[in-house]
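Have a look at the structure below before the remarks.
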Amino acid sequence: MSPEQIPDLQDYGPEHLDAAFQRLSEQLAAEAPALHTPEDREQFRLHWLGRKHGRLKLISDAWLKTAPSEARKALGQHFNRLKQQIDLALETETVNGQARALEEDSVDITLPGIRPALGVEHPLVRTMIEIVGIFQRMGYSVGVGPEVETDYYNFEALNFPPDHPARDTQDTLVVAKQEHKPLRDRLLLRTHTSPVQIRTMERQPPPIRIVIPGKVHRNDAADATHSPIFHQVEGLCVDENITFSDLKGTLDHAMKELFGSSVKTRFFPSFFPFTEPSADVQISCIFCGGKGCRKCKHSGWIELLGCGMVDPSVFDSVRGKQPGYDPKKISGFAFGMGVDRIAMMKYGISDIGLLYSGDMRFLEQFA
Ligand code: DAH
Numbered sequence: 233m234s235p236e237q238i239p240d241l242q243d244y245g246p247e248h249l250d251a252a253f254q255r256l257s258e259q260l261a262a263e264a265p266a267l268h269t270p271e272d273r274e275q276f277r278l279h280w281l282g283r284k285h286g287r288l289k290l291i292s293d294a295w296l297k298t299a300p301s302e303a304r305k306a307l308g309q310h311f312n313r314l315k316q317q318i319d320l321a322l323e324t325e326t327v328n329g330q331a332r333a334l335e336e337d338s339v340d341i342t343l344p345g346i347r348p349a350l351g352v353e354h355p356l357v358r359t360m361i362e363i364v365g366i367f368q369r370m371g372y373s374v375g376v377g378p379e380v381e382t383d384y385y386n387f388e389a390l391n392f393p394p395d396h397p398a399r400d401t402q403d404t405l406v407v408a409k410q411e412h413k414p415l416r417d418r419l420l421l422r423t424h425t426s427p428v429q430i431r432t433m434e435r436q437p438p439p440i441r442i443v444i445p446g447k448v449h450r451n452d453a454a455d456a457t458h459s460p461i462f463h464q465v466e467g468l469c470v471d472e473n474i475t476f477s478d479l480k481g482t483l484d485h486a487m488k489e490l491f492g493s494s495v496k497t498r499f500f501p502s503f504f505p506f507t508e509p510s511a512d513v514q515i516s517c518i519f520c521g522g523k524g525c526r527k528c529k530h531s532g533w534i535e536l537l538g539c540g541m542v543d544p545s546v547f548d549s550v551r552g553k554q555p556g557y558d559p560k561k562i563s564g565f566a567f568g569m570g571v572d573r574i575a576m577m578k579y580g581i582s583d584i585g586l587l588y589s590g591d592m593r594f595l596e597q598f599a
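Residue numbering for the sequence shown follows my numbering, beginning at 233 and increasing consecutively.
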């Protein structure tokens, strides 16, 4: 070890210790004013405090080894003071011969800031909220239900009997190893939001006005317009004297709110097990105004949702729990619409897969 690193120490008497540490302190004081850059400071720190080869470590190793026990306390105190002096030098800068506290990480407040990216509603969520809002303004409340549903709520209570061919159009994932259960209790991923109609009626007597937004699942091969996961908004209105005219007026108003007041609607006979009569609703093409274009296959109309008058057998499913749903006294209508399709039309999205891709280049366009 170089004598330059380890000062001589003839013995551990107080005056020798004082003198040795005095010299170290003077060396320190001479070096400190030359610390200008962060690199200077790091070098200085390593030189004095480095864990393996720092001077403090080398000196204390050398001296403590041979120090008599009565000198250890004084030696320790000297080292502590020296350490404090080094720390202080590291926190001090010398400007024009004046020592002052180092400004830590000074901030240049004239630099432009970093703007944090704000999250935005996903286009599907935005569309769902918009649709729900239209019905809320007509006095509807909002409900939700489970995505993992029983066969009973998804099918049976909605008048899809076991083995009924209408089930084929709504194939889905079923939870495994349930063969021991009765069919009605077996779990599946719901294929539509209609089961929440049943759950709502079981819980509350008529009158009901409710919309139910949510995610649904079907065994559909993915392409530009199909996704095995998609979203629906279901609607249910039950009261005395609800008629098909109420259904038409409600949906016509909702479509005008959603796509603009010049949009027209028309109703075609259709089939759903849970409504009778059932209808498909078409709106005049929002792209060509009804003249005919590629989007509407030159028909001037776009099919958008299903609806109908609630089938009495659906009311029968809930009468055990809510006797108020007596088809002789009340009637109702229901409807269901695909949110993805509506979002794609509203925002000009050509591939449904984009809604599920998580691709920031797509999503950022909605910011
Ligand atoms: N649940 C139907 C489907 O997913 C949509 C639907 C049609 C819902 C008619 C309704 C309705 O409530 O009355 O295809």
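Glycine is no exception: its CB is placed at the ideal position from the N, C-alpha and C atoms. In this text, all values refer to a predicted model and were calculated from it rather than measured experimentally.
### Task
Grab me the residues of leucine 421's own chain with a C-beta within less than 7 Å of its C-beta, minus the 5 sequence neighbours each way, in chain order.
Glu379, Val380, Thr404, Leu405 and His449
### Task
Round the Cβ separation of valine 198 and glycine 564 to the nearest angstrom and send it over; I've been treating them as touching at under 8 Å.
Since the first residue of the chain shown is 233 and the last is 599, residue 198 is not available in this structure.
### Query
Is glutamate 411 near the ligand DAH, with its Cβ less than 7 Å from a heavy atom?
no
### Query
Helix or strand or just coil, what does DSSP make of threonine 269?
coil
### Task
Determine contact between the region 498-509 and the region 531-539, defined as no fewer than three beta-carbon pairs at a distance below 8 Å.
yes
### Message
What does DSSP give as the partner residue(s) for proline 501 in the beta ladder?
### Response
Ala511
### Query
Quick one: what does DSSP say isoleucine 518 is sitting in, helix, strand or coil?
coil
### Query
Which residues in the same chain have their Cβ closer than 6 Å to the Cβ of proline 235, if we skip the five residues on either side of it in sequence?
Because proline 235 sits at a pLDDT of 49, beneath the cut-off of 50, its placement in the model cannot be relied upon, and the following sentence gives the value as read from the coordinates. Excluding sequence neighbours, proline 235 sits near nothing in its chain.
### Query
Assuming threonine 425 and isoleucine 444 make a contact with CB atoms under 8 Å, what is their CB distance in whole Å?
5 Å
### Message
Using a Cβ-based criterion (distance less than 7 Å to any ligand heavy atom), does cysteine 469 qualify as near the ligand DAH?
### Response
no
### Query
From what residue to what residue does the beta strand (DSSP E) around histidine 650 run?
For residue 650 there is no data in the structure shown, the boundaries of the chain being 233 and 599.
#### Entry: Contacting residues, own chain, Cβ-Cβ under 8 Å from histidine 463 (five flanking each side not counted)
Leu356, Met360, Pro445, Gly446, Lys447, Val448, Gly570, Val571 and Asp572
### Task
Put arginine 369 into one of helix, strand or coil per three-state DSSP.
coil
### Task
Pick out whichever of Val327, Ile346, Tyr588 and Phe594 has its Cα sitting closest to the Cα of serine 459.
Tyr588
### Message
Does the region 303-315 come into contact with the region 263-278, if we say contact requires no fewer than three beta-carbon pairs (one atom in each stretch) closer than 8 Å?
### Response
no
### Query
How is leucine 419 classed by DSSP in three states: helix, strand or coil?
strand
### Task
Output the boundary residues of the alpha helix (DSSP H) element that contains glycine 308.
301-322
### Message
Please classify aspartate 383 as buried or exposed, where buried requires at least 16 other C-beta atoms within 10 Å of its C-beta.
### Response
buried
### Task
To the nearest angstrom, report how far apart tryptophan 280 and lysine 289 are at their CA atoms.
8 Å
### C-alpha gap between asparagine 328 and proline 265, whole angstroms
10 Å
### Message
Pop quiz: valine 376 and glutamine 368 are said to be a contact at Cβ under 8 Å. What is the actual Cβ separation, rounded to whole angstroms?
### Response
Incorrect: roughly 14 Å between the Cβ atoms, too far for contact.
### Message
Following a CB-centred definition, is glycine 365 positioned closer than 7 Å to any heavy atom of the ligand DAH?
### Response
no
### Query
Just how far apart, CA to CA, sit glutamine 254 and glutamate 263?
14 Å
### Message
Which same chain residues end up closer than 6 Å to methionine 233 when comparing Cβ atoms and leaving out the 5 residues on each side of it in sequence?
### Response
Model confidence at methionine 233 stands at a pLDDT of 43, short of 50, so the residue's coordinates are unreliable and nothing is read from them.
### Query
Looking at the unbroken beta strand (DSSP E) that takes in phenylalanine 547, where does it start and where does it end?
Element bounds for phenylalanine 547: not the beta strand (DSSP E) but the alpha helix (DSSP H), 544-551.
### Query
Say the cut is 7 Å; is the CB of histidine 621 nearer than that to a heavy atom of the ligand DAH?
The question about residue 621 has no answer, for the chain in this structure spans 233 to 599.
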